[in-house]
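Scroll down for the structure; my scribbles are underneath it.
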Amino acid sequence: MKFKDYYETLGIERGASDEEIKKAYRRLARQHHPDISKEPGAEDRFKEISEAYETLSDPEKRQAYDGLGRHRPGEEFRPPPEWDTRFWQGQAHQEVDLSELFEQMGFRTSQRRGQAGGAEFPIRGQDVEAVARLSLDEVAHGTQVTLEGPGGTVRIRVPMGVTDGERLRIPGRGGPGRGGGPDGDVYLHIQLLPHPLFRPVGHDLYLELPVTPWEAALGAEIELPTLDGRVRVTVKPGAQAGQKLRLAGKGLPKRGGGAGDLYGVLQLVMPREISEREQELYRELATASSFQPRPQFTGGTTDG
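Okay, so the sequence shown: first residue is 0 according to numbering that gives the first Met the number 0, each after it adds one.
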């Protein structure tokens with residue numbers, strides 16, 4: 000059979016005390032427990048640690064193991080004759096694994112997660128990462144989401160005022176703890192669904208606000224939508240494309256109180272069809288106006 004160095008597995012000396020064995024096991028078990036570690040092979044490593052602890056934590060098993068002598072890990076060996084007569088009662092064991100050898104002696108290795116040799120230690124529950132895709136209305140008024148986690152279905156309340164890309168921590172709503180350990184947490188990643196009108200930036204909202212050339216030139220009272228309904232705003236004479244109209248407190252609510260702002264960004268739009276009368280008025284305006292929209296293009300030439 001092949002030798003396994005249980006002392007090396009736990010990272011302790013052969014003369015280690017019972018307390019040192021227990022401390023080494025708990026440290027390594029927490030590190031490699033498959034409910035905690037995401038590293039490849041964590042479950043196999045945890046089983047090796049549990050097997051080593053199962054043997055070395057029991058005085059009779061440890062005595063039997065020490066009687067096997069010292070060998071390199073993986074080295075083929077046979078138990079010494081005195082081990083055979085004292086512990087094995089002369090049965091054949093050439094094809095038996097070392098852990099099976101102790102199992103057939105009546106020393107069954109515990110494979111239960113979070114427990115070995117009857118010594119249970121606290122394991123923190125698994126954290127849950129989830130994505131919540133919310134509408135602006137849900138963000139503005141708060142909502143609930145339903146998640147399927149390690150402990151079953153969980154309903155999470157999402158407070159109003161979260162922002163796109165935010166990561167919420169909801170303590171104690173993740174996987175259940177073991178051995179008296181605390182429950183894990185839920186980490187909720189907020190993603191805002193696209194809205195046909197509003198573009199959120201933090202707690203502020205941006206809205207493209209189309210206006211006609213005459214509304215921009217002469218000024219106008221126009222209606223625009225908000226999350227709470229429609230409001231009237233004033234476009235002052237001489238308004239420019241890209242200019243912003245700010246509506247304080249009409250954005251998304253903030254969890255600490257208050258709310259962001261709503262910005263209406265003016266967009267000049269032309270009618271798709273222009274009547275003869277409208278064309279006549281535009282020609283009259285072109286003749287009467289001295290406005291020069293491209294002054295940077297006058298007064299010189301460029302090479303090329």
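The C-beta atom is built at its ideal place from N, Cα and C for all residues, glycine as well. In this text, all values refer to a predicted model and were calculated from it rather than measured experimentally.
(1) Does the distance from the C-beta atom of proline 72 to that of glutamate 12 stay below 8 Å?
(2) Using 8 Å as the Cβ pair cut-off and three pairs as the minimum, do the stretch 232-241 and the stretch 256-265 touch?
(3) Please list, in chain order, all residues of the same chain as glutamate 167 whose beta carbon is under 6 Å from its beta carbon, the five residues on each side excluded.
(4) Give every residue of the same chain whose Cβ lies closer than 7 Å to the Cβ of proline 158, excluding the five residues on either side of it in the sequence, and list them in chain order.
(5) What number of angstroms, rounded off, separates the C-alpha of isoleucine 169 from the C-alpha of valine 185?
(6) Can you have a look at valine 234 and say buried or exposed, based on whether 16 or more other CB atoms are within 10 angstroms of its CB?
(7) With DSSP as the reference, label tyrosine 6 as helix, strand or coil.
(8) Which class does isoleucine 20 belong to by DSSP, given the choice of helix, strand or coil?
(9) Relative to the C-alpha of threonine 152, which candidate in Gly164, Gly160 and Arg172 has its C-alpha closest?
(10) Closest to glycine 148 by C-alpha separation, out of Val127, Val161 and Glu165, would be which residue?
(11) With a threshold of 16 other CB atoms inside 10 Å of the CB of glutamine 110, please say whether the residue is buried or exposed.
(12) Here's the rule: buried if 16 or more other CB atoms are within 10 angstroms of the residue's CB, otherwise exposed. What is tyrosine 281?
(13) With DSSP as the reference, label valine 200 as helix, strand or coil.
(14) So who's on the other strand from valine 387, going by DSSP bridges?
Working from what's here:
(1) Stepping through the sequence shown from its first residue, residue 72 is reached at position 73. Stepping through the sequence shown from its first residue, residue 12 is reached at position 13. Between proline 72 and glutamate 12, the CB-CB gap reaches or exceeds 8 Å.
(2) yes
(3) For this step, residue 167 is matched to residue 168 along the sequence shown. Reading off the sequence, residue 167 comes out as leucine, not glutamate. These residues qualify, in order along the chain: Leu187.
(4) Position 159 of the sequence shown, counted from the start, is the residue given in the question as residue 158. Correct list, in chain order: Gly141 and Arg254.
(5) For this step, residue 169 is matched to residue 170 along the sequence shown. For this step, residue 185 is matched to residue 186 along the sequence shown. Approximately 5 Å between the Cα atoms of the pair.
(6) Taking the sequence shown and counting its residues from 1, the one referred to as residue 234 is at position 235. So valine 234 ends up on the buried side.
(7) Along the sequence shown, one-based indexing puts residue 6 at 7. Helix at tyrosine 6.
(8) Counting from 1 along the sequence shown, the entry for residue 20 is found at position 21. Helix, per DSSP.
(9) Stepping through the sequence shown from its first residue, residue 152 is reached at position 153. Measuring from the Cα of threonine 152, the nearest candidate turns out to be Arg172.
(10) As a first step, residue 148 is located in the sequence shown; it is residue number 149 there, counting from the start. Of the listed residues, the one whose Cα sits closest to glycine 148 is Val127.
(11) Taking the first residue of the sequence shown as 1, we reach residue 110 at position 111. Below a pLDDT of 50, predicted positions are generally treated as unreliable, and glutamine 110, at 38, falls in that range; no measurement from the model is reported.
(12) In the sequence shown, counting from the first residue as 1, residue 281 sits at position 282. The residue in question, tyrosine 281, is exposed, as its Cβ has fewer than 16 Cβ neighbours within 10 Å.
(13) For the purposes of this step, residue 200 is taken as the residue at position 201 of the sequence shown. Reduced to three states, the DSSP call for valine 200 is strand.
(14) Because the chain in this structure spans residues 0 to 303, residue 387 falls outside the shown range and cannot be described.
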